[in-house]
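Read the structure below first, then the notes.
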Amino acid sequence: MDIHFEKVKQVYQPNSPFKFRALTDITLTIPEGNITAFIGHTGSGKSTLLQHLNALMKPTNGFVKIGEKKILPQTKDKNLKTVRKKVGMVFQFPESQLFEETIIKDVAFGPQNFGLSKQEAEKKAAEALRHVDIAENLWNHSPFELSGGQMRRVAIAGVLAMSPEVLVLDEPTTGLDPKGRCEIMEIFQHLHQEKNVSLILVTHLMDHVAQFADFVHILEKGKIIKSGTPAEVFANTAWLKEKQLSLPNAALLSLKLQKKGILLNPLPLTMEKLVEELTQKLSQEEANE
Ligand SMILES: Nc1ncnc2c1ncn2[C@@H]1O[C@H](COP(=O)(O)OP(=O)(O)OP(=O)(O)O)[C@@H](O)[C@H]1O
Ligand SMILES: [Mg+2]
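For the sequence shown, position 49 (counting from the first letter as 1) is numbered 1273 according to my numbering, and the numbering increases by one without interruption.
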């Protein structure tokens, strides 16, 4: 299911002195089966844009097409249930939305709400909990007994239990340590690889952009100012500096190596690639000696 934005504008509090244009003329297509990242400074409109992906928000002007469903400014909330089921949203700190007495009930809540029987919903919940690696002996415990990282995984299971075709992730690893971040990103990557779920990710971690994204859009003051593959977007380091945007750590390290006379071109964007290219360069130099 592709998602297309056509000249989308979003104005908050339109008829008040606080009127604020959060998105301006956004036209883009997010193709099915891809991992797409959105980056940009705080307040650039990333979360506003994400809320259009399952019609939580409707454009002030323009339209969003989610699969076959066209969302216009006047589109009514009824008839949006199918779209909302297909596009799962994981907001920042999703664990704050846990509320049921037990983990299994919490995860089964969504599918049950969408019409499955208790038994069917719990089957979906069990599958999702296995996917996020929450041990079965915990399922009848309260979600509030868990560690922060586990709570986040349970909250994510609640979204996965709806079997979404598209998963929208707004800074999904905020507040986690590096190990927790890695575990969460692995869950999403597996889902993408095994079930071909499209991922749409907002992150300020350029390493995640480089490692996971097929395509990146950069937002500034509600506009898309650059789009491309990570290699394309990270190629112009002077432009990124001007925009005060960072680079992946491997590229930053490569720039330091450049100053020591070790030139790697194009800049490697992941540590794996950096090690591979350095090894190759060093063996070439050894062979030439
Ligand atoms: N409900 C609202 N009413 C008025 N203005 C809003 C509202 N929600 C967001 N805004 C404004 O719209 C702009 C874009 O906000 P948004 O949350 O989309 O940015 P963001 O890129 O997600 O930022 P962050 O990185 O801090 O999460 C900001 O200037 C914000 O203050
Ligand atoms: Mg945000």
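We treat Cβ as the ideally placed atom computed from N, Cα and C, and that holds for glycine.
beta-carbon residue i near ligand 2 non-hydrogen atom, thresh 7 Å
i        : result
Lys-1310 : no
Ser-1271 : yes
Asp-1394 : yes
Local conformation of residue i per DSSP, three classes
i        : result
Ile-1290 : strand
Lys-1233 : strand
Ser-1341 : coil
His-1365 : coil
Val-1356 : coil
Val-1421 : coil
Lys-1302 : coil
Gly-1382 : helix
Phe-1323 : coil
Buried or exposed (CB count within 10 angstroms, at least 16 for buried), residue i
i        : result
Leu-1296 : exposed
Val-1331 : buried
His-1432 : buried
Pro-1318 : buried
Pro-1367 : buried
His-1414 : exposed
Ser-1478 : buried
Asp-1394 : buried
Gly-1485 : exposed
Ala-1279 : buried
Leu-1499 : Sequence check: residue 1499 is Val here, not Leu. So Val-1499 ends up on the exposed side.
Between the CA atoms of residue j and residue i - distance to the nearest angstrom
i        : j        : result
Thr-1306 : Arg-1377 : 24 Å
Pro-1335 : Leu-1391 : 16 Å
Ile-1408 : Leu-1469 : 24 Å
Ser-1271 : Lys-1282 : 13 Å
Arg-1354 : Leu-1252 : 35 Å
Asn-1364 : Ser-1240 : 49 Å
Glu-1418 : Ser-1320 : 28 Å
Proximity test, Cβ basis, 8 Å: residue i and chain D
i        : result
His-1228 : Among the chains of the structure shown, chain D does not appear; only one protein chain is present.
Distance cut-off 7 Å: residue i Cβ against heavy atoms of ligand 1
i        : result
Ala-1246 : yes
Gln-1211 : As shown, the chain starts at 1225 and ends at 1513. That puts residue 1211 outside it, with no answer to give.
Ser-1478 : no
Ser-1470 : no
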